[in-house]
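S.K.:
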Amino acid sequence: LYVKSPAPLEDAARGCLGVYYIGIALASAAMAAQLAPAVVILMFVMIWLNETGSYLVGCRWGRTKLFERISPKKTWEGFFGGIAGALLAGWGASALLDAEAWRWLVLALVVAVTGVAGDLVESMFKRSVELKDSGRMLPGHGGWLDRFDALLLAAPFAFACLAALRIFGM
């Protein structure tokens, strides 16, 4: 009310977006931990192996651009390399927890795909305000937001996946 702005709705939306985006992700991660206590740590492992697989495969064999306008270095080959890394993490989680592998593989696939989407969304946000990095505290890593961008979108979908697997007795 007290700020003169040509676009008050846009300013309010920008101010609330971060709270909702981060709040929903953290709440989803907490609820997922209630359903399966190890899942939050294992989601991080899935995301890290997804990002590592994407990077390694993309650097070596990447040719076909995934979404050049938003993230010019990401490739479809890297995307599938990342999925393989996340699936490896899911398989490892099932072996570690002596659980049904297919459940963890489904969760790993959900985390991998939505994690890449989270990374692309964060890149889109940065490009819209003409930023390369979201902070300076982690030089060469894109900032703190780049460390958690995949989790911010993956956590709500992982929670939904876990809830569906539990509800439908799968």
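According to the numbering used here, the residues represented by the sequence shown are 1 to 170, in order. Glycine included, C-beta positions come from ideal geometry on N, C-alpha and C. Owing to the predicted nature of the structure, the values given are computational and were not obtained by experimental measurement.
Taking residue 165 as the reference, give the member of 128, 100, 152 with the closest Cα.
M.R.: For the residues 128, 100, 152, the minimum Cα distance to residue 165 belongs to 100.
S.K.: Using CA coordinates, which residue listed in 159, 128, 153, 158 is at the minimum distance from residue 20?
M.R.: The shortest Cα separation from residue 20 among 159, 128, 153, 158 belongs to 153.
S.K.: Apply the 10 Å Cβ neighbour rule to residue 103 and answer buried if 16 or more other Cβ atoms are within range, or exposed otherwise.
M.R.: Classification for residue 103: buried.
S.K.: Do the region 61-75 and the region 42-49 make contact, defined as three or more Cβ pairs closer than 8 Å?
M.R.: No contact exists between the region 61-75 and the region 42-49.
S.K.: Measuring CB to CB, does residue 82 end up less than 8 Å from residue 112?
M.R.: The answer is yes: Cβ separation under 8 Å.
S.K.: Could you please give the first and the last residue of the uninterrupted alpha helix (DSSP H) stretch that includes residue 54?
M.R.: That run of the alpha helix (DSSP H) goes 39-61.
S.K.: Give me the Cα-Cα distance between residue 129 and residue 123, rounded to the nearest whole angstrom.
M.R.: Using only the alpha carbons, I get a separation of about 10 Å.
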